[in-house]
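Our numbering puts the first residue of the sequence shown at 315, with every later residue one more than the last. We put the CB at the ideal spot given by N, CA and C, even for glycine. Below is one structure; the comments refer to it alone.
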Amino acid sequence: MSAKPPPAPRFAYKGDRLKPLRAFCQTARLGSISRAAEALFLSQPAVTLQLQALERDLGARLLERSGRRITLTREGEALYELARPLVEGLDGLDAVFRDRVRGLDAGELHVAAGSSTILYLLPAIVEAFKARHPEIRLSLHNVTGAGGLELLRSDAVDLAVGSMLDVPADLDYAPVYRFEPMLITPRDHPLATKSDLTLQDLSPYGLILPPQRLTTYRLVDLVFQQNRVPYTVALEVGGWEVIKQYVAMGLGISIVTAICLTDADRERLAARSLAKYFPSRSYGVVVRKGKFLSPQARAFTGLIKPALFERGGYDETGQSER
Numbered sequence: 315m316s317a318k319p320p321p322a323p324r325f326a327y328k329g330d331r332l333k334p335l336r337a338f339c340q341t342a343r344l345g346s347i348s349r350a351a352e353a354l355f356l357s358q359p360a361v362t363l364q365l366q367a368l369e370r371d372l373g374a375r376l377l378e379r380s381g382r383r384i385t386l387t388r389e390g391e392a393l394y395e396l397a398r399p400l401v402e403g404l405d406g407l408d409a410v411f412r413d414r415v416r417g418l419d420a421g422e423l424h425v426a427a428g429s430s431t432i433l434y435l436l437p438a439i440v441e442a443f444k445a446r447h448p449e450i451r452l453s454l455h456n457v458t459g460a461g462g463l464e465l466l467r468s469d470a471v472d473l474a475v476g477s478m479l480d481v482p483a484d485l486d487y488a489p490v491y492r493f494e495p496m497l498i499t500p501r502d503h504p505l506a507t508k509s510d511l512t513l514q515d516l517s518p519y520g521l522i523l524p525p526q527r528l529t530t531y532r533l534v535d536l537v538f539q540q541n542r543v544p545y546t547v548a549l550e551v552g553g554w555e556v557i558k559q560y561v562a563m564g565l566g567i568s569i570v571t572a573i574c575l576t577d578a579d580r581e582r583l584a585a586r587s588l589a590k591y592f593p594s595r596s597y598g599v600v601v602r603k604g605k606f607l608s609p610q611a612r613a614f615t616g617l618i619k620p621a622l623f624e625r626g627g628y629d630e631t632g633q634s635e636r
C-alpha cells in the first residue's frame with residue numbers, strides 16, 4: 315500500500331485570499347505598511363501578519379524595505395500585476411453591479427483633459443456621447459500634465475484624454491490620433507511661401523510660445539539646440555487661441571500642433587509642416603493600469619475608438635502634455 319502524499323501546508327489567512335491580497339496591493343501602491351493599514355482601517359500588526367502569511371503561502375519574498383519605504387521584489391511586481399485588477403474588480407463590484415442593474419443611462423463619468431483637448435478634440439465626441447446617453451452626468455476636468463495623472467491615481471476621474479510623452483508604469487496610454495507640427499505665420503509673411511523651408515529660416519523671426527513649463531516650449535528649445543540653430547522668443551503666452559491671434563496680428567511666428575488649426579484659421583494664417591524637424595504629437599486615452607472601466611467609461615472610449623482597451627487594441631507609446 316503506497317504512502318499518502320503529505321498534506322499541503324495550511325495557513326491562517328489562506329481561507330480568505332482577498333484580505334492578504336488587498337493588504338499586499340495597498341502596501342505596494344502606498345509604499346508603506348502603516349499607510350496601507352490606515353487605508354484598510356486595520357492595525358499595522360494585522361497588515362504585517364497578512365503580508366507574512368501571503369509570502370509563506372506563495373513561498374516567495376514579495377516586499378523589501380528601502381530606507382523608510384517598502385518596495386516590491388521581482389516576485390512582488392509579478393504578483394502585483396496579477397492581483398491588482400482582481401482586487402480592484404472585486405472592490406468595485408457593488409458599484410458596477412448597480413450600474414448594470416440601472417442600465418447604462420445613469421450615473422456619472424469624470425474625464426480629465428487639457429484645454430486644447432477639450433477645445434479641439436472632444437466637442438464632437440462629447441456631443442455624440444450626450445446624444446446617446448443623456449442621463450449620464452459628464453464632468454470634464456480641465457487639468458494639464460501631472461494634475462491629470464494625480465486625478466487618475468486617486469480615482470477622482472475615470473479616464474483622461476490627451477497626449478503623453480512618457481508613460482508611467484502604473485498607467486496605460488492608448489494613442490488614437492496623430493497631428494503634425496506646424497509653423498504658423500501671417501499670410502503675407504516671407505516664410506509663408508518660401509520653398510524648401512529649413513529650421514535656419516525661422517531663426518531671424520521671434521517665436522510666440524507657450525510658457526516654459528509646458529512640453530511645447532521645451533520641445534522647441536530641444537530641437538533648436540540639437541540643430542545648433544539660434545532662436546529668439548518674442549512673446550510667451552498660454553493658450554493656442556491667443557497664440558494664433560497674436561501671430562495673425564504680426565507679433566511673431568509660432569510652432570503649434572495641427573490639432574489646433576481650423577478652417578477659419580487657415581483663412582488668416584499660413585501653415586507649413588515642420589515634420590522634418592519636430593515629432594508629431596499623438597493624442598489618446600489614459601487609464602490607471604488594471605482599473606475596471608465602468609460601462610459609462612467604456613461607452614465614452616468606444617466613441618473615440620471601438621474596443622480601445624481590449625487586448626491588442628493599443629500600444630503604450632506616444633507623446634505628452636494634455
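Alpha-carbon to alpha-carbon, ILE569 and LEU511
13 angstroms
Going straight from the alpha carbon of LEU400 to that of LEU485, what length do you get?
16 angstroms
How long is the line joining the alpha carbons of LYS333 and GLY345, rounded to whole angstroms?
18 angstroms
Determine, using beta carbons only, whether VAL440 and VAL475 come nearer to each other than 8 angstroms.
no
Got a sec, what are the start and stop residues for the alpha helix (DSSP H) SER348 sits in?
347 to 354
Can you list, in chain order, the residues of its chain whose CB lies under 6 angstroms from that of LEU377, leaving out five sequence neighbours each side?
ILE384 and GLY390
Given a cut-off of 8 angstroms, decide if SER587 and SER477 are closer than it, judged by their beta-carbon atoms.
no
What are the partner residues of PRO495, as DSSP defines its beta bridges?
THR571
On the CB-based measure, 16 or more other CB atoms within 10 Å of its CB, does GLY566 come out buried or exposed?
buried
Enumerate, from N- to C-terminal direction, the unbroken beta strand (DSSP E) stretches of 3 or more residues contained entirely within the segment 571 to 613.
583 to 587 and 595 to 602
Helix, strand or coil at THR615 [DSSP, three-state]
helix
Please state if the CB of TYR434 and the CB of GLY598 are separated by a distance shorter than 8 angstroms.
no
PHE325 versus LEU452: straight-line alpha-carbon distance, rounded:
With a pLDDT of only 45 at PHE325, under the threshold of 50, the placement of this residue in the model should not be trusted, and no figure is reported.
At least three beta-carbon pairs within less than 8 angstroms, the segment 576 to 595 to the segment 491 to 505
yes
Return the CA-CA distance between ALA562 and VAL556, expressed in angstroms with no decimal places.
10 angstroms
How many Å lie between ASP330 and ALA367 at the Cα?
11 angstroms
Are LEU516 and GLU550 close, meaning C-beta to C-beta below 8 angstroms?
no
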